[in-house]
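Q: 1 is the number of the first residue of the sequence shown in the UniProt record's numbering; add one for each residue after it.
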Amino acid sequence: MPKIGPIELPEFPLLLAPMEDVSDPPFRALCKEQGADVVYTEFISSEGLIRDAAKSTMKLDIYEKERPVGIQIFGAEMDSMLQAIDIVEKTGPDIIDINFGCPVKKVVCKNAGAGILRDIPLMVKLTEAMVKRTNLPVTVKTRLGWDQESIKIVEVAERLQDVGIQAISIHGRTRVQMYKGQADWKPIAAVKNNPRMHIPVFGNGDVDSPEAAVRMRDEYGLDGAMIGRASIGYPWFFKEVKHFFETGTHLPPPTLQERVDAARRHLQMSIDWKGEKLGVFETRRHYTNYFKGIPHFKEYRMKMVTSDASEDVFAAFDEVLEKFGDHQFV
């Protein structure tokens, strides 16, 4: 069974990936209920934390029902990252994760996220200092490399392990690829098969079906799967994968009533946590997947993603239930 430091995990655990404006407390709660074994916060700027920026510090909110939960931070300045470790540690997470994989320009241009893949010595030095700064297990999420020509993930993973990380999650694309093309799991398997590696190696990227999770486990031999986009607006994904592992059969998809109930809870929890305006705005990205497969749904989706008042969104949920109550999902 894989372990992250002292944290014991089930065989082939499923991890909810850290995703900006997605993996917040309301969504993490829904995914945890549906079988996610470890959940991670949205990635948090180290610079934002040390400046006490409201958006950054709010992301530190974690709850007992989420455990084990990891807080992910990003940055490239040594002093800022070490101060951020001190701040994060006080909130009591189970894991501190370092983001060396975010490909977006505003992060990369500061040499943070996947930007640091152009400077592996700095990546290792920063990681070593952060591991020494805390007693909590430190993990890393990264990509295969900056581009196809610079993939050295087997060596990089070994060096990060040697300075003390307790697990590594690897997205099977380079930074240059962003989210295009197909994720390549072979280099991740090469990390796992390195005889010097003894920490868990989790795969990420294109785990979009129970069958894909089985391939990652059985064909590539990885220790677990980190789930990102497949879970957005569909927290049932974790439960469905686990059911497939156990039985080799697919669970029936959630009914429309279950989808409306989840969307309603999600929105209400978001409002309770973020307030009306942000709660309504940041839940919008989930609705397409909550109701995917309903024909002629555009009119109702537009109401959900353009309404600024929660009462209008809740009313749209009721309309959908009334209009499409007999719809059978496949």
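Ideal Cβ placement from N, Cα and C applies to all residues, glycine included.
1. Between which residues of its own chain and LEU126 is the CB-CB distance below 8 Å, once the five residues before and five after are set aside?
2. Please classify TYR40 as buried or exposed, where buried requires at least 16 other C-beta atoms within 10 Å of its C-beta.
3. Run through the DSSP bridge pairs and tell me what PHE324 is partnered with.
4. Taking only three categories from DSSP, how would you classify LEU267?
5. What would DSSP say about PHE317, mapped onto helix, strand or coil?
6. Is the beta carbon of ILE95 closer than 8 Å to that of ILE4?
7. Spatial neighbours of GLU8 within its chain, please: CB distance less than 8 Å, with the 5 preceding and 5 following residues excluded, ordered by chain position.
8. ALA29 by DSSP, collapsed to three states: which one?
9. For HIS171, count the other beta carbons within 10 Å of its own beta carbon; 16 or more makes it buried, fewer makes it exposed. Which is it?
10. Indicate the three-state DSSP secondary structure (helix, strand or coil) for LYS186 in the structure shown.
11. Quick check on LYS15: does DSSP put it in helix, strand or coil?
12. Is the beta carbon of ASN289 closer than 8 Å to that of GLY233?
13. Name the DSSP bridge partner or partners of GLU8?
14. Compare the beta carbon distance of SER310 and GLU276 with 8 Å and say whether it is the shorter of the two.
15. Which same chain residues, not among the five before or five after residue 336, have their C-beta less than 6 Å away from its C-beta?
16. Give the list of continuous alpha helix (DSSP H) stretches no shorter than 4 residues that lie fully inside the region 85-168.
17. Identify whether HIS198 lies in helix, strand or coil by the three-state DSSP scheme.
18. Looking at the structure shown, is GLY224 part of a helix, part of a strand, or coil, going by DSSP?
19. Could you tell me which of GLN328, HIS296, PHE297 and ARG284 sits nearest to SER307, measuring between CA atoms?
20. Does the pairing of the region 294-305 with the region 56-63 give three or more beta-carbon distances under 8 Å?
21. For the ligand COA, any of its heavy atoms closer than 7 Å to the Cβ of PHE238?
22. For VAL241 and PRO210, which I take to be in contact (beta-carbon distance under 8 Å), what is that distance rounded to the nearest angstrom?
23. Considering just the uninterrupted stretch of the beta strand (DSSP E) at PHE74, what are its terminal residues?
24. Spell out the partners DSSP gives ASN289 in its beta bridges.
25. Between the Cα of LYS90 and the Cα atoms of ASP312, LEU49 and VAL124, which residue gives the shortest distance?
26. Report all residues from its chain with a CB closer than 8 Å to the CB of ASP208; omit the five preceding and five following residues, and keep chain order.
27. How far does the beta strand (DSSP E) with TYR40 in it extend, from its first residue to its last?
28. What distance in whole Å lies between the Cβ atoms of LEU136 and PRO93, which are believed to be in contact at a cut-off of 8 Å?
29. Reducing DSSP to helix, strand and coil, say where HIS296 ends up.
30. Starting from THR247, follow the alpha helix (DSSP H) in both directions and report where the run begins and ends.
31. Count the other CB atoms, across all protein chains shown, that sit within 10 Å of the CB of MET178; report buried if there are 16 or more and exposed otherwise.
A: For this structure:
1. Only ALA76, MET78, MET81, ILE98 and ILE116 meet the Cβ criterion.
2. By the 16-neighbour rule on beta-carbons within 10 angstroms, TYR40 is buried.
3. According to DSSP, which records beta bridges pairwise, PHE324 is partnered with nothing at all.
4. Three-state result, LEU267: helix.
5. In this structure, PHE317 counts as helix in the three-state DSSP scheme.
6. Against a cut-off of 8 Å, the Cβ pair of ILE95 and ILE4 comes out as a contact.
7. Excluding five sequence positions before and after GLU8, the CB atoms of its chain that fall closer than 8 Å to its own CB belong to MET1, given in chain order.
8. Looking at ALA29 - three-state DSSP - the assignment turns out to be helix.
9. HIS171 is classed as buried because its beta carbon has at least 16 other beta carbons within 10 Å across all chains shown.
10. Three-state DSSP puts LYS186 in a helix.
11. Contrary to the premise, residue 15 reads as Leu rather than Lys in this sequence. DSSP, read as helix, strand or coil, puts LEU15 in strand.
12. By the CB criterion at 8 Å, GLY233 and ASN289 fall inside the cutoff.
13. Note: GLU8 sits in a beta bridge opposite LYS3.
14. Yes, Cβ-Cβ distance for SER310 and GLU276 is below 8 Å.
15. With the chain covering only 1 through 330, there is no way to say anything about residue 336.
16. As far as the region 85-168 is concerned, its whole alpha helix (DSSP H) runs of at least 4 residues are 105-108, 120-133 and 153-162.
17. Note: HIS198 maps to coil in three-state DSSP.
18. When secondary structure is reduced to three states using DSSP, GLY224 falls in the strand class.
19. Closest by alpha carbon: ARG284.
20. Not touching, per the Cβ criterion.
21. Annotation note on the ligand COA: not contained in the displayed structure, which lists no ligands.
22. Indeed, because the Cβ distance is near 5 Å, the residues count as touching under 8 Å.
23. The continuous beta strand (DSSP E) containing PHE74 extends over residues 69-74.
24. Bridge partners of ASN289 according to DSSP: none are assigned.
25. LYS90 has its Cα closest to that of LEU49, out of ASP312, LEU49 and VAL124.
26. Excluding residues up to 5 positions away in sequence, ARG229 and ALA230 lie with their Cβ nearer than 8 Å to the Cβ of ASP208 in the same chain.
27. It spans 38-40 - the beta strand (DSSP E) in which TYR40 sits, taken as one unbroken run.
28. Contact flag correct, Cβ pair sits at about 7 Å.
29. Three-state result, HIS296: coil.
30. Following the DSSP letters along the chain, one finds THR247 inside the alpha helix (DSSP H) bounded by residues 237-247.
31. Around the Cβ of MET178, a 10 Å sphere holds fewer than 16 other Cβ atoms; the residue is exposed.
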